[in-house]
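Sequential numbering from 2 applies to the sequence shown in the working numbering. Beta carbons: idealized from backbone N, C-alpha and C, even for Gly.
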Amino acid sequence: MLLEKQVLHNRLRCLFIDSNERDKVYVSLHIGSGYGDRIIAKNGDMEWVGSGTTNILLNIRKNQMKAKRPDLNFQSIITMDTATLFVEVPVSEVEEITEIMLASLQWEDIEEEEFIEQKKASKRAFLENLDHVSFRAMMEIQAYAFPNRLFSVSLIEQDLEEVQFEDVLTLQQAFFHPDNSVLVICGDMNKINVKDKIEKQQMPYEKPKFPAKHVYKRAAELVDQEISQQANTSYFIGSLAFRSERIGFSLEEEHVFLQIIGEVIFKKDFQVEVNKDHASIIYQTSLKTRYKQALLATIWSKNKFEQAKAKVYERYRYVKDNDAGMYSFIYGQFAVKDLDLSQLLLEEEILGFDRFREYIDCVQNTMAETKIHYSNGG
Numbered sequence: 002m003l004l005e006k007q008v009l010h011n012r013l014r015c016l017f018i019d020s021n022e023r024d025k026v027y028v029s030l031h032i033g034s035g036y037g038d039r040i041i042a043k044n045g046d047m048e049w050v051g052s053g054t055t056n057i058l059l060n061i062r063k064n065q066m067k068a069k070r071p072d073l074n075f076q077s078i079i080t081m082d083t084a085t086l087f088v089e090v091p092v093s094e095v096e097e098i099t100e101i102m103l104a105s106l107q108w109e110d111i112e113e114e115e116f117i118e119q120k121k122a123s124k125r126a127f128l129e130n131l132d133h134v135s136f137r138a139m140m141e142i143q144a145y146a147f148p149n150r151l152f153s154v155s156l157i158e159q160d161l162e163e164v165q166f167e168d169v170l171t172l173q174q175a176f177f178h179p180d181n182s183v184l185v186i187c188g189d190m191n192k193i194n195v196k197d198k199i200e201k202q203q204m205p206y207e208k209p210k211f212p213a214k215h216v217y218k219r220a221a222e223l224v225d226q227e228i229s230q231q232a233n234t235s236y237f238i239g240s241l242a243f244r245s246e247r248i249g250f251s252l253e254e255e256h257v258f259l260q261i262i263g264e265v266i267f268k269k270d271f272q273v274e275v276n277k278d279h280a281s282i283i284y285q286t287s288l289k290t291r292y293k294q295a296l297l298a299t300i301w302s303k304n305k306f307e308q309a310k311a312k313v314y315e316r317y318r319y320v321k322d323n324d325a326g327m328y329s330f331i332y333g334q335f336a337v338k339d340l341d342l343s344q345l346l347l348e349e350e351i352l353g354f355d356r357f358r359e360y361i362d363c364v365q366n367t368m369a370e371t372k373i374h375y376s377n378g379g
């Protein structure tokens, strides 16, 4: 796959990815706003815009797209730091769908009736999902894996109950604009002529009427802890948080290094989370194993490092070569967090064992492990 990156006159970042898909194109819009957003600054005051608001707004946009093209499967995905709209389309319809996607940033109005219906739907779906212990556990562990976020499951429930129509409009103006978004189009670029149209499209960037930004904790303290929760079935989940502030490694380096650690320490059932102010691994493996101790006790060798790195890059290449939809989705998710997947892939030969050891030395005294056990006994 080849990649072309463009930043348009309205500051919208566009990624055009060439793939082996001949009949399908994947179009996605990635917004820098997610469950971790709790506050924005408005007219010098701190106005709360809760985590649940992103869920409501993104699904309103998805439903507006579905109304225009009910034959397509528009998907909405929300993480702690990102909100994504994603769809697979025939090559002949890329221009139309791209225009529909971009309209969600600027032109589409939101009616209060849409808000009321989506608020009910989002609240109902969230509460139903919480009945599944795996969903609840993944939501709850993120408070520890993302230590600087003002986030909890109870806060989301509160947001979905108390959010007002004006809050959704505030969030739209604060975060859903070209300067905080990445558009990804992935397909056979010899058949897709959408680039010229996007470049010419009039989407004048206007700064929000009030300054807005993510507001997080700063360098939250990381501590080891074990938590017991009551649930209708037994389940466990954990996280290793490596840092809560920026250190002297690129996000691309760190993402690979944590994948290598995961490959050696966890081997399966783990996911890596990296952003400017945190780095962590979330896992669903053994309740009894103390993975922080296991990592600190690991004797690393160049051979062990190289074998794990080879497996990590093999997975990257497999997705890149065999799953254009997933590859384009990951690319956009990374990009909106200023993590460059193309740079990560280019660094395979550069990332060496000595640099990895420097990273281990840097984080070994700050990392902390959280384990949550769910059971009928509490």
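Helix, strand or coil for Y284, going by three-state DSSP, please let me know.
-> strand
Residue from N64, E115, S281 and I361 whose Cα sits closest to the Cα of I142 | S281
Please report how far the alpha carbon of A309 lies from the alpha carbon of E264, in whole angstroms.
-> 6 angstroms
Might you give, ordered along the chain, the residues of its own chain that have their beta carbon closer than 6 angstroms to the beta carbon of K218, omitting 5 neighbours on each side?
-> N149
Thinking just about the alpha-carbon of each residue, which of I300, T234, E158 and L241 is nearest to the one in F271?
-> L241
Expressed to the nearest angstrom, what Euclidean distance is found between the alpha-carbon atoms of S155 and L131?
-> 11 angstroms
Since E89 is in the beta strand (DSSP E), which residue starts that stretch and which ends it?
-> A84 to P91
Per DSSP, R244 is paired with what?
-> A280
Going straight from the alpha carbon of N377 to that of T80, what length do you get?
-> 29 angstroms
Measure the alpha-carbon distance for N366 versus V88 and round it to whole angstroms.
-> 43 angstroms
Would you say G33 and S123 are within 8 angstroms of each other, going by their C-beta atoms?
-> no
Opposite I32 in the DSSP bridges: which residues?
-> A84 and S182
Whether D225 touches K293 by CB criterion (8 angstroms) | yes
Runs of alpha helix (DSSP H) wholly within the region 345-378 (minimum 4 residues, chain order) = 354-364
Identify which residue in E112, N64 and D82 has its Cα closest to the Cα of I101.
-> N64
State whether the region 20-35 contacts the region 180-196, with contact taken as three or more CB pairs (one from each stretch) at a distance under 8 angstroms.
-> yes
Y217, DSSP secondary structure in three states | coil
Which word fits D339, buried or exposed, when buried means at least 16 other C-beta atoms lie within 10 angstroms of its C-beta?
-> exposed
Distance, Cα to Cα, S93 vs E113?
-> 34 angstroms
Extent of the continuous beta strand (DSSP E) run through Q226 = Q226 to Q231
Is the beta carbon of A295 sitting closer than 8 angstroms to the one on I266?
-> yes
Per-residue DSSP class, three states only, for Q334 = helix
Under 8 angstroms between the Cβ atoms of L170 and I117?
-> no
Could you give the residue range of the beta strand (DSSP E) that holds Q76?
-> Q76 to I79
Could you name the residues of the same chain whose beta carbon sits closer than 6 angstroms to that of V426, not counting the 5 residues immediately before and after it, in chain order?
-> Residue numbering for the chain in the displayed model covers 2 to 379; residue 426 lies beyond these limits and cannot be assessed.
Report the option in Q76, P71 and C15 whose CA atom is closest to the CA atom of N60.
-> Q76
Would you give the residue range spanned by the alpha helix (DSSP H) that R125 belongs to?
-> E113 to L131
So, using beta-carbon positions, are A336 and L16 closer together than 8 angstroms?
-> yes
Assuming L223 contacts A325 (C-beta within less than 8 angstroms), just tell me the rounded distance between them.
-> Between A325 and L223 the Cβ distance is about 38 angstroms, and since that is not below 8 angstroms, they are no contact.
Proximity of G37 and F152 at Cβ, strictly below 8 angstroms = yes
For W301 and F354, the rounded distance between their alpha carbons = 9 angstroms
Assign S105 to one of two classes, buried (16 or more other C-beta atoms within 10 Å of its C-beta) or exposed (fewer than that).
-> buried
Under the assumption that S245 contacts H279 (Cβ atoms under 8 angstroms), give the Cβ distance between them as a whole number of angstroms.
-> 6 angstroms
D322: first and last residue of the uninterrupted alpha helix (DSSP H) it sits in | K303 to N323
Cβ-based neighbour list, R62, same chain, cut-off 6 angstroms, excluding 5 preceding and 5 following = S105
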